[in-house]
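Step one of this worksheet: look at the structure below.
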Amino acid sequence: MRPLELIVEGFTSFRTRQLLDFTSLDLFAITGATGAGKTSLLDAMTFALYDEVSQKPSSPKELVSQGAKQLRVEFRFVMRQTEYKAVRTWRNRGKTAVPNFMLEELVGEEWERCSTQNAAEIIGMDFKTFTRVIILPQGQFDEFLKGEAGKRREILRQLAGFQIFEQMRKEASDRTSRFKAEREGLDKVLEGMQAPTKEEVESQQLELANLEIAIPDLDIQAKQSHKLLEAEERLFAQIQQYQKLSVKLAQLQQDASQIQVLENQLRNAQLANSIMGTWTVLQTVRKRVETAIADLAHTHKQLELAKLDLDQQQQAYAQSRTEQIAAQSHIEAQERNLALAESLHIQQQQSETELERANQNVLERSQVLKEATKAVTQAESDLQAIMQNLQSLEVSLKSSQYDPARLEQLRQVAEPLTQWQILQNNLTKQQQKSTQLQTEIQKFTQQLEKSQQAIATAENDFQVANHALKEAETSNLQALQTSHANALRAELHDGDHCPVCNHLYNLAGLPELPELELIDTAALLKQKEVTERQLAKLLQDKVKIEASLEASQQQFQTQNQEINDLELQVAKLQKQIDQVLQSAWQAADILRDRQVLEAQESGYLKLIAEQKEMAIACQNVENKLKTSQENLQLAQTESDKSAQEKVLRASQLQEISQRLLEITDGKTYESLRQSIEQAKTELSDRLKAIETKYQQARETFAKREESATKAQENHDLAISEQAQQESNWQKELNSVNFTELEFLAAQTARSQMDAWQQQIENYQRQEQDVTTRLQMCAESISDRQTDERAIAKLREKSHQAEQALQIASESRASIKAWLEQAQQKRQESQELEERKIALQSQEQTYHTLAQDLQSNRFQEYILDSLQQELAHRASVLLQQLSEDRYILQIESGDYWVADNWNGGEKRRVKTLSGGETFAASLSMALALSERLSMGIELGSLFLDEGFGTLDSETLESVTQILESLRQQDRLIGVITHIQSLAERLPTQIHVRKSINGSELVRI
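Numbering-wise (the numbering used here), the sequence shown opens with residue 24 and increments by one.
Pasting the structure below:
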């Protein structure tokens, strides 16, 4: 991977857009002041590719330049002859942020989106590998070569990323503990489960099978008993029903005579109802005749009255015409006088209007004067009240106990006091927890002492049992040898060759062999095994107790450290509060005093605000009083003027009115005009009324004359119709064989007839129903008999059968439920046992893995192998960089350098000069870079030289080494703060601080 171009904007210290072109660079230095942003250029590359940076927060919000709303990083590079461009942006939109990433490749002359947006797939390295391979921390390799063995392993572990093995070991150990705890928990669950045995299950299954056979028979017996009981109960109910029906039929037969009377009454009512229409018509005609006779008499009387009224109205009409002529002459004389008074009346109206306007003006000016006087009085009263309130507020302000200085002190300590209270509470809790841990440590210590004593006793018992077993085995071996020797002696004779020693056998001088018995070692062996198991168990318990004790002690130390930290923080806060208050204090008193002072402050500020409002109100009232007094003077002047005008208008009106009265004989013009109009109206109305009455009398006479003629015609028609209907009615009575009196007696209301009909039908229906049911009961009963005693016996028998069936069914259900629970328990027990075995296997696997991954075993092997491989490759690289002068070797854990220019003389790396050290550490860095790159082409390297200062000789050596790297077709960038080194390199990229952010300057 070879960089081509880097563009940054809004990234860390680079606030404005900066461009770094790598195309013309091969060996260059990145220089600048501390904090200018030299390392940020490398961070920009990793941020664009992986969205991560080293040793900084990777969040874009933390990387964006201060005050900037967005950042943008664009990185172009070549990988396997293909040009790529990674663009990563971030924009802040208030509450939300918008990140964006685009990875493109150059196809021809056009940029196209890559099929994958994961830069690691294209480069072949993830973020951590990239930073270890491309960016070489030169200073760490220098420390690696010169450090002690333990320090060197730790540095190599970090550089190679082998921390993963330690993390794996810790994870494996944690999983071992978790699986062990779960397995022990399953042991306790299995102990408390108490699953049924196979024999108990088979016994219950046999009992269930017997019940399955017996229940159908019991069910048949119960059903048969129930059917017999139901049949007997039905027979008993039918016998009772037959008796009730017999009694009811006898009662119905007693009511038969009453029903016969009702039938006769109903029949007569129905006959009378059949001729009711003719009777109704006859009644209507009779009433019509009576009405016609009355109407005829009434119309004749009204006709006579109308004739008399018509004559009177004719006389009144003639008299009114004579009176009209005289009244008309008098009205004409009055109208002539009215014309003369009209002009004076107009003048009078104008004068009255002007006088009324003057009166209104006087009233308005009087009202204005009264309101102005009232306003002045009110303003004076308001001013006096406000002055009193101002005096009262001044007294309240002087008597206020508000202490602003004290309140400011309490507010300054409010936040430290809150933190002090929280830390104090935490300190109390941590001290309690520390006491508990100390108690646990004492308990575990006592348990460990008891365990050690028990182990010593068990070891002694084991030694005794083992010694006794060995003595018994030795004795048995000797007894067997003696027994074999006696058997061999019994077979040999004097002069025979002994098959054991190959000598001649001679009885003379042979010692007599003792007779030994064999000792049974089974009991001794069992005793040894028992004591051995006891000892092993005690040793395991001891390990557990020691582990618990160690964990508690570590927790106790951690807890004490936390307590010390909390005490320091509490003391610091308390000192801070003491510096502000400068007196003894209590948290509750401070809170209470602050609340009181804040309440007093609120009251004091409220009084100040009220005082300001009162002062403003006082000024307003004074202005209002001044305005009211001016208005009062103006109103008094206007009131006097309006009174003078009123007197003048009244004098003019009186003069005109006097002249008008002289012309109208003491009447006003309006009165005269109204009296003339009234006289004309009354004359016209009186004449119209007389004419109307006369006309109405003529019309009334004509109408009544017509009514009399019509009434006579109606009378004659009604008499004729009555005769016809009387004849028809007599025929109807004869048809039903009734007289009119019998017809009237037989008349019955429709509701009563319906009631009689319903009563008769009910009786007939009941009689028929009872008779039918009685016959059916008799047929059903036949000659069978039963009683309550027989039914009770059958009911008891049925109950016993049902109870036996219920008991058997409940037993079956209970056994089934028990079997289901037993099966479930046995299945759960089996599953738990299988889970326990699996956990035990996993526990052993992870325990073995944790043991294998310990630093002194697997990790040491891996690190030693890697160190040998790196040393060999670094030696080859060092030869290339030093023109075959130096060879790097590792012997007995230390690094040596052989100098071929001095006959292969070996020197420790610690004794090398600055330039030689730089070459050796650079070789080691390049070796690790090649190892971690896994064969990926490395087109660029960035070195952090890590030197404090360089003398001229060392500077020259470093420059030559860098030049040799330059010749390997690599882009070499050196981050340095040594200006003399930077000046020796072909190009410098200087990072310069400015007010607008860091800037890149090519030198």
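All C-beta atoms in this analysis are idealised placements derived from N, C-alpha and C, irrespective of residue type, glycine included.
For Q217, the closest C-alpha among the options A897, A845 and L985 is that of A845.
For the pair D426 and L596, the Cα-to-Cα distance works out to about 25 Å. Taking I804 as the centre and dropping the five residues before and after it, the same chain places the C-beta of L258, Q261, I262 and Y265 closer than 8 Å to its C-beta, in chain order.
Contact between L289 and I783 holds, since their C-beta atoms are separated by about 7 Å, short of 8 Å. DSSP, read as helix, strand or coil, puts Y717 in helix. In the three-state reduction of the DSSP assignment, Q770 falls in the coil class. In the three-state reduction of the DSSP assignment, T199 falls in the helix class, which pools H, G and I. For Q454, the closest of H249, I586 and K84 by C-alpha to C-alpha distance is I586.
DSSP places S963 inside the beta strand (DSSP E), whose first and last residues are S963 to D967. Contact annotation: the segment 315–327 touches the segment 728–748, with at least three C-beta pairs closer than 8 Å. Listed in chain order, the non-local C-beta contacts of A610 below 8 Å within the same chain comprise L440, W443 and Q444, local neighbours out to five positions each way being set aside. Secondary structure of K221 (DSSP, three-state): helix. Take the alpha-carbon of N583 and the one of S915: they are about 43 Å apart. Going by beta carbons, A329 and F766 fall outside the 8 Å limit. A direct Cα-to-Cα measurement between A245 and E843 gives close to 29 Å. Around the C-beta of T119, fewer than 16 other C-beta atoms lie within 10 Å, and the residue is accordingly described as exposed.
Short of 7 Å from the beta carbon of A109, and not among the five residues preceding or following it, lie these beta carbons of its own chain, in chain order: A71, L72, F98, L126 and A142.
Taken in chain order, no unbroken stretch of beta strand (DSSP E) lies wholly in the segment 295–335 with a span of 3 residues or more. With a 10 Å radius around the Cβ and a threshold of 16 neighbouring Cβ atoms, S864 comes out exposed.
Membership of Q104 in any beta strand (DSSP E) is not indicated, and neither H nor E is assigned to it by DSSP.
DSSP, read as helix, strand or coil, puts L27 in strand. A545: member of the alpha helix (DSSP H) spanning A545 to L604, first to last residue. Under the three-state reduction of DSSP output, F761 falls in the coil class, being neither helix nor strand.
In this structure, the straight-line span from the alpha carbon of T46 to that of F150 is close to 24 Å. Rounded to the nearest angstrom, the Cβ distance from F34 to Y869 is 45 Å, too far for a contact under 8 Å. Across the set I1001, K703, L43 and Q414, the C-alpha of K703 shows the shortest separation from the C-alpha of S352. A Cβ-Cβ contact shorter than 8 Å links L43 with L64.
Using a C-beta cut-off of 8 Å, the segment 221–231 makes no contact with the segment 769–785, since fewer than three inter-stretch Cβ pairs fall below that distance. In this structure, DSSP gives K1016 a state outside helix and strand, which the three-state scheme calls coil.
For M68, there is no enclosing beta strand (DSSP E); the enclosing alpha helix (DSSP H) covers residues K61 to Y73.
In the three-state scheme derived from DSSP, where H, G and I count as helix and E and B as strand, G208 is classed as helix. Bounds of any beta strand (DSSP E) do not take in E132, whose DSSP letter is neither H nor E. Residue environment for E811: exposed (fewer than 16 other C-beta atoms within 10 angstroms of its C-beta). The alpha-carbon separation between V391 and E379 amounts to approximately 18 Å. Q447 sits in a helix when the DSSP states are folded into three classes.
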